[in-house]
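K.L.:
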Amino acid sequence: MKKLLREFSKGIFIENPTFRLALGLCPTLAVSTSVINGFGMGVAATFVLLGSNIIVSAIRNFIPTKIRIPCFIVIIATFVTIVELMMKAYFPALSKSLGIFVPLIVVNCIVLGRAEAFASKHGISRSIFDAIGMGVGFTLALVLISAIRESLGNGTLLGLVIVRGFDPAILFILAPGALLVIGLLIGIVNYLTEK
Amino acid sequence: MEFNQLLMIAISVIFINNFILSKFLGLCPFLGVSKKTAPAFYMGLAVTFVMTASSIITWAVYSFLLKPFHIEYLRTLSFILVIASFVQLIEMFIQKFSPALYRVFGIYLALITTNCAVFGVAVLNSEMFLKVSEDLVKALVFCAVQGFCAGVGFTMVLLFMSGIRERLELCDIPRPMKDMPIAFIVAALMSMAFMGFSGFRF
């Protein structure tokens, strides 16, 4: 049990996919314009990660090593298609605002990275905890970045106005704001972990 | 009319909606291979070639396979498989016929397989042209032009970035900000500069 908890917690802090490993940056930057978008993306990616980790770890002994990457990609793409169709059916507004970044989960390096580095070498239960930990770490990072960007760039949080009369800096919800925020955040994380 | 539209697509993809700086596609190679100018240039060439070729291939898959059988929902699965196997094929082909070329481009081709910019241009093509257009040839030309120009825009920004980062090596940067963080800040400033292009009107 302790081991499983360690697999879970490492994804959130020590090996946080966004801040420590710098994986999956494209969706992180592109969809973090509002907290709802960021959270939706995080949950979608977590679902794909969980599904692909379970399947990959379950059939890891049957996949020939030479063609393992194409096999992983097919498994991941299947789950991405499931997410794509579900989101279109139940959350059409979210699906529209995430746009092409929903199908792009398939090339998110976190998902393929975990399949290759963890699930293909470990049992199902550990892979499940690894996937949930990484997914939660990714979602937390997305929510943090999008909270900063939404509050500075739009003056709102989860769509609610924070301070009346605050003139928001639109730059932060545009493209440069995303790069600026993540650059400073990684810098801060580096500074804190250096000590 | 036709030519005007093509020019508009080209300018839009290279400058206004640059893949790296405003769409955030292909950030991994952008940060990973931009430390020196020469590798950045080779990476850009390889990406441009693969983007153009995969635009054409996915056009064929979409209009001859997915659309006639009404299985458009398999787009993600089929596109990624076709692109990945195509890149693998090119890699094997180059390795066999020109080891010298392979030594230069081989490692970049391997990296491109799951590059979101390549997959992204295929998805964007299908959203913008393939879903709506009835005229197959027109859609093919549009897809190919968008793929090629996206690659050109990618190469251009990658070259700018590598030039700046070569200079940054000599600067005295606070230790926690070294490497990645400062690269992001530089990219933010470049992105701000590129926002100026969004004033283009046709």
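In order, the protein sequences belong to chains A and B. According to our numbering, the first sequence is numbered sequentially starting from 921. According to our numbering, the second sequence is numbered sequentially starting from 126. All residues carry an ideal CB built from backbone N, CA and C; glycine is no exception.
Am I right that B:M317 and B:V246 are in contact with their C-beta atoms under 8 Å? What's the rounded C-beta distance?
P.N.:
With 8 Å as the limit, B:M317 and B:V246 do not qualify as a contact, their Cβ atoms being about 24 Å apart.
K.L.:
Which of the three DSSP states is assigned to A:L1094 in this structure?
P.N.:
coil
K.L.:
Just the Cα atoms here: how many angstroms apart are B:C302 and A:N981?
P.N.:
What sits at residue 302 of chain B in the sequence shown is Met, not Cys. Rounded to the nearest angstrom, the two C-alpha atoms are 43 Å apart.
K.L.:
Less than 9 Å separating the beta-carbons of B:L146 and B:F309?
P.N.:
no
K.L.:
On the criterion of 16 or more Cβ atoms from any shown chain inside 10 Å, does B:Y233 qualify as buried, or is it exposed?
P.N.:
Looking at its Cβ environment, which holds 16 or more other Cβ atoms inside 10 Å, B:Y233 is buried.
K.L.:
What does the alpha-carbon distance come out to for the pair A:L1091 and B:F189?
P.N.:
43 Å
K.L.:
Would B:A313 and B:F155 qualify as a contact pair, given that the criterion is a beta-carbon distance under 9 Å?
P.N.:
no
K.L.:
For B:G245, return the contacting residues in chain A, with the cut-off set at a CB-CB distance below 7 Å.
P.N.:
I1020 and L1024
K.L.:
Residues bridged to A:T1076 by DSSP?
P.N.:
A:V1081
K.L.:
By the criterion of Cβ-Cβ separation under 7 Å, what are the contact partners of B:E252 in chain A?
P.N.:
I1020
K.L.:
Can you check which of these residues, B:F230, B:F279 and B:T183, is closest to B:A269 by C-alpha distance?
P.N.:
The shortest C-alpha separation from B:A269 is found at B:T183.
K.L.:
Tell me the DSSP secondary structure of B:M176 in three-state form.
P.N.:
helix
K.L.:
Give, in chain order, every unbroken run of the alpha helix (DSSP H) that is at least 4 residues long and sits entirely within the stretch 171 to 222 of chain B.
P.N.:
200 to 222
K.L.:
Tell me whether the beta-carbon of B:V266 lies closer than 9 Å to the beta-carbon of B:F204.
P.N.:
no
K.L.:
Express the C-alpha separation of A:A1051 and A:L970 in angstroms, rounding to a whole number.
P.N.:
5 Å
K.L.:
Measuring only between beta-carbons, confirm whether B:I136 sits less than 9 Å from chain A.
P.N.:
no
K.L.:
Using only alpha-carbon positions, find the residue among B:N240, B:Q220 and B:S223 that is nearest to A:L1024.
P.N.:
B:N240
K.L.:
So the alpha helix (DSSP H) B:N250 belongs to, where does it begin and stop?
P.N.:
C241 to N250
K.L.:
Roughly how many whole angstroms lie between the Cα atoms of A:N936 and B:A165?
P.N.:
28 Å
K.L.:
Checking 9 Å against the spacing of the C-beta atoms, do A:F959 and A:L1062 come in under that value?
P.N.:
Contact: yes.
K.L.:
Which residue wins for smallest C-alpha separation from B:K161, given the options B:D297, B:F285, B:P299 and B:R300?
P.N.:
B:F285
K.L.:
For a minimum of 4 consecutive residues, which ranges assigned as the alpha helix (DSSP H) are wholly contained in the stretch 981 to 1034 of chain A?
P.N.:
988 to 1010, 1012 to 1018 and 1029 to 1034
K.L.:
Go to B:G321, then tell me how far its alpha helix (DSSP H) extends in each direction, as first and last residue.
P.N.:
Note, B:G321: premise wrong, no alpha helix (DSSP H); not H, not E.
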